[in-house]
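Enquirer: In mature numbering (1 follows the signal peptide of the UniProt record, and there is no 0), the protein residues as written are -41 to -1, 1 to 141. Idealized CB from N, CA, C, for every residue including glycine. Have a look at this one before I ask anything.
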């Protein structure tokens, strides 16, 4: 198993990879009943102080930035690209939590790739954006923007409501025309 799966058991704070490795080494020294080396103890205490200071601004950053682990992939040939192919293509850049391939008429040719870490997602965007699958097929990879999707969903909802209101109005007018006048 990869180390990333054990990280939440070792460190509950939002650390960088370096400081999580420090947490791991510190826990290993505790498990082995040995005192940690002085440099390791100093680095660990510095990373804890840094993470506590940065956690105060975490809610502000979370509201301002999209979840950069989630990628939107477009330009997928639906018949040729299987989930196994996408796992092998995107898995080369880091651990993948999930891949969802669109199957409806609207989402056909698109996929959502969720990485375990932001760094892996950024590496995949840099390497696979404008990736040529064939002569006429190019993958477009970008960070998924939830706000843009919410706005599009809201526009589609308003359009459906207006169409329903228009159909109701037409039916009312037709019904009024069919009634005999007195």
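#1: Would residue 70 pass as a contact of residue 55 if the rule is Cβ separation under 8 Å?
#2: Is the segment 72 to 87 touching the segment 105 to 120, taking contact as three or more C-beta pairs under 8 Å?
#3: My guess is that residue 74 and residue 107 are in contact by the Cβ rule of under 8 Å, so how many angstroms apart are they, rounded?
#4: Since residue 103 contacts residue 30 with CB under 8 Å, what's their CB separation in whole angstroms?
#5: Our contact map puts residue 78 next to residue 53 with C-beta atoms below 8 Å; I'd like the distance itself, whole angstroms only.
#6: If we require 4 or more residues per run, which alpha helix (DSSP H) segments fall completely within the segment 48 to 129?
#7: Note down the Cα distance separating residue 130 from residue 62, rounded to an integer number of angstroms.
#8: To the nearest angstrom, how far is it from the Cα of residue 96 to the Cα of residue 68?
#9: Do residue 72 and residue 132 have their beta-carbon atoms positioned less than 8 Å apart in this structure?
#10: Where does residue 136 land, buried or exposed, given buried means 16+ other C-beta within 10 angstroms?
Expert: Reading off the structure:
#1: Numbered from 1 along the chain shown, position 111 holds the residue referred to as residue 70. Numbered from 1 along the chain shown, position 96 holds the residue referred to as residue 55. Between residue 70 and residue 55, the gap from beta carbon to beta carbon reaches 8 Å or more.
#2: no
#3: Counted from its first residue, the chain shown places residue 74 at position 115. Counted from its first residue, the chain shown places residue 107 at position 148. That pair is no contact at about 19 Å.
#4: As a working mapping, residue 103 is identified with position 144 in the chain shown. As a working mapping, residue 30 is identified with position 71 in the chain shown. Right, the Cβ-Cβ distance comes to about 6 Å (below 8 Å), so this counts as a contact.
#5: For the purposes of this step, residue 78 is taken as the residue at position 119 of the chain shown. For the purposes of this step, residue 53 is taken as the residue at position 94 of the chain shown. Indeed, because the Cβ distance is near 7 Å, the residues count as touching under 8 Å.
#6: 77 to 87
#7: If you number the chain shown from 1, residue 130 lands on position 171. If you number the chain shown from 1, residue 62 lands on position 103. Each residue's Cα considered, the two are about 35 Å apart.
#8: By one-based count along the chain shown, residue 96 stands at place 137. By one-based count along the chain shown, residue 68 stands at place 109. About 11 Å.
#9: Counting from 1 along the chain shown, the entry for residue 132 is found at position 173. Counting from 1 along the chain shown, the entry for residue 72 is found at position 113. Not a contact, by the Cβ cut-off of 8 Å.
#10: Here residue 136 refers to the residue found at position 177 when the chain shown is read from its first residue. It is exposed - the Cβ of residue 136 has fewer than 16 other Cβ atoms within 10 Å.
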